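Participant: One structure is given below, represented as structure tokens, and several questions about it will come after.
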Amino acid sequence: MAERTGPELTGEVALVTGAGRGFGRAIAERLASEGAAVALMSRSRGELDTVVDAIASAGGRAVAVTGDVTKADAVSAAVEAAEAALGPLTLFVNNAGVPGPFGPLWTVDPEDWWRSQEVHIRAPMLFLNRILPGMVERDRGRIIVVSAVASRMVAANLSAYCTGKIAQNRLVEEAAAELADTAVKIFAIDPGFVFTQLARDTMESPDAQKWLGGMVDRLREKEGEEPADLARCAQRCVDLASGRYDALSGRYMELPDDIDAWRAEALEEATS
Numbered sequence: 001m002a003e004r005t006g007p008e009l010t011g012e013v014a015l016v017t018g019a020g021r022g023f024g025r026a027i028a029e030r031l032a033s034e035g036a037a038v039a040l041m042s043r044s045r046g047e048l049d050t051v052v053d054a055i056a057s058a059g060g061r062a063v064a065v066t067g068d069v070t071k072a073d074a075v076s077a078a079v080e081a082a083e084a085a086l087g088p089l090t091l092f093v094n095n096a097g098v099p100g101p102f103g104p105l106w107t108v109d110p111e112d113w114w115r116s117q118e119v120h121i122r123a124p125m126l127f128l129n130r131i132l133p134g135m136v137e138r139d140r141g142r143i144i145v146v147s148a149v150a151s152r153m154v155a156a157n158l159s160a161y162c163t164g165k166i167a168q169n170r171l172v173e174e175a176a177a178e179l180a181d182t183a184v185k186i187f188a189i190d191p192g193f194v195f196t197q198l199a200r201d202t203m204e205s206p207d208a209q210k211w212l213g214g215m216v217d218r219l220r221e222k223e224g225e226e227p228a229d230l231a232r233c234a235q236r237c238v239d240l241a242s243g244r245y246d247a248l249s250g251r252y253m254e255l256p257d258d259i260d261a262w263r264a265e266a267l268e269e270a271t272s
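As structure tokens, this is what we get:
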């Protein structure tokens, strides 16, 4: 990889989904602060325009693209718009997510449950299918899937979310195996915890209050806390986007994980 000058991600072109607020916004703004040109995607144009303005005010470059991440035509149109405005994508952050539905499998609406899987599984698959051909052809690119600690938990009455996040991690592992002979890398991360709108939606859901009372109580306790994990998560994305941790492609990682130690171990194994 050529040596960089200036900000860490100068010359990179990123697309971030769910970028209008919360973790998605923090990631997009941090990538832009490090020199990446960033396309922001969600269904709400108003939120995206606010983030675009904030990035521009800080001296960065960003565009807004709207669409439903579960629809193939919308995904293709978003990628085309992003690349027309900024150039070929070199980074993709799959951040869009939904918290519910909540409750036992025999009480939730199967259609609601399946719509959750469309956001968590179909959406990243659509983006990978659309973006990877160009990245593989150029032999350059990095992808970060924002998973969750729920991916390694069995949490009663939270099956839609846990199943979707487990599947995301396996999708990353499969993609990494298929990309092994290329310079394209992919990672899954837990972003940490911040009281975002998604957390508020969960806390205010009658079904969550009924079936996940303990979790709702913990969310109430977290409301108003300093959102330190926003910055930590955004920095983790910058680190992975930089190329320094390419040896960890396919891995799922959480904020407390010592990825420098993991990298050293992976490099040692590769040369032994």
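Under the working numbering, the residue at position 165 of the sequence shown is numbered 165, and the numbers go up by one with no gaps. Note that the Cβ used here is the ideal one computed from N, Cα and C, for glycine as well. Note that the structure is a prediction, hence the values are computed from the model and not measured.
Among the candidates L31, G214, G24, whose CA atom is the shortest distance from the CA of M41?
Facilitator: G24
Participant: Is it a yes or a no for the stretch 34 to 48 touching the stretch 6 to 14, going by three-plus beta-carbon pairs under 8 Å?
Facilitator: yes
Participant: Applying the criterion that 16 or more other CB atoms from any shown protein chain within 10 Å of the CB defines a buried residue, is V93 buried or exposed?
Facilitator: buried
Participant: So does the stretch 226 to 239 actually touch the stretch 190 to 202, counting three or more Cβ pairs closer than 8 Å?
Facilitator: In the pairwise beta carbon analysis, the stretch 226 to 239 is classified as touching the stretch 190 to 202: at least three pairs are separated by under 8 Å.
Participant: I need the DSSP call for N157, collapsed to helix, strand or coil.
Facilitator: N157 sits in coil when the DSSP states are folded into three classes, being neither helix nor strand.
Participant: Roughly how many angstroms lie between the CA atoms of G67 and R45, to the nearest whole one?
Facilitator: 9 Å
Participant: Contact check, F187 vs M135 under 8 Å by CB: the rounded distance?
Facilitator: Wrong, their Cβ atoms sit about 14 Å apart, outside the cutoff.
Participant: Looking at the secondary structure, which residues open and close the beta strand (DSSP E) in which G141 lies?
Facilitator: Per DSSP, G141 belongs to the beta strand (DSSP E) from 141 to 146.
Participant: Should P99 go down as buried or exposed, given a rule of 16 or more other Cβ atoms within 10 Å for buried?
Facilitator: P99 should be labelled buried.
Participant: Starting from I131, follow the alpha helix (DSSP H) in both directions and report where the run begins and ends.
Facilitator: Its alpha helix (DSSP H) spans residues 123 to 138.
Participant: When DSSP labels each residue in this structure, what does F23 get in the three-state scheme?
Facilitator: helix
Participant: Relative to the alpha-carbon of P110, which residue among I131, L132, G22, A160 has its alpha-carbon at the smallest distance?
Facilitator: P110 has its Cα closest to that of A160, out of I131, L132, G22, A160.
Participant: To the nearest angstrom, how far is it from the Cα of G20 to the Cα of S272?
Facilitator: 45 Å
Participant: If you follow the beta strand (DSSP E) that V51 is part of, which residue opens it and which one closes it?
Facilitator: In the DSSP assignment, V51 falls outside any beta strand (DSSP E) and lies within the alpha helix (DSSP H) extending over 45 to 57.
Participant: Just to confirm, are I144 and L240 a CB contact at a threshold of 8 Å?
Facilitator: yes
Participant: Check this for me: beta carbons of L212 and F127, under 8 Å apart or not?
Facilitator: no
Participant: Compare the beta carbon distance of V119 and V69 with 8 Å and say whether it is the shorter of the two.
Facilitator: In this structure, V69 lies closer than 8 Å to V119 by Cβ.
Participant: Please state whether DSSP places L179 in a helix, a strand or coil.
Facilitator: In this structure, L179 counts as coil in the three-state DSSP scheme.
Participant: Considering Cα atoms alone, identify which of V75, A96, P124, D246 is closest to R140.
Facilitator: D246
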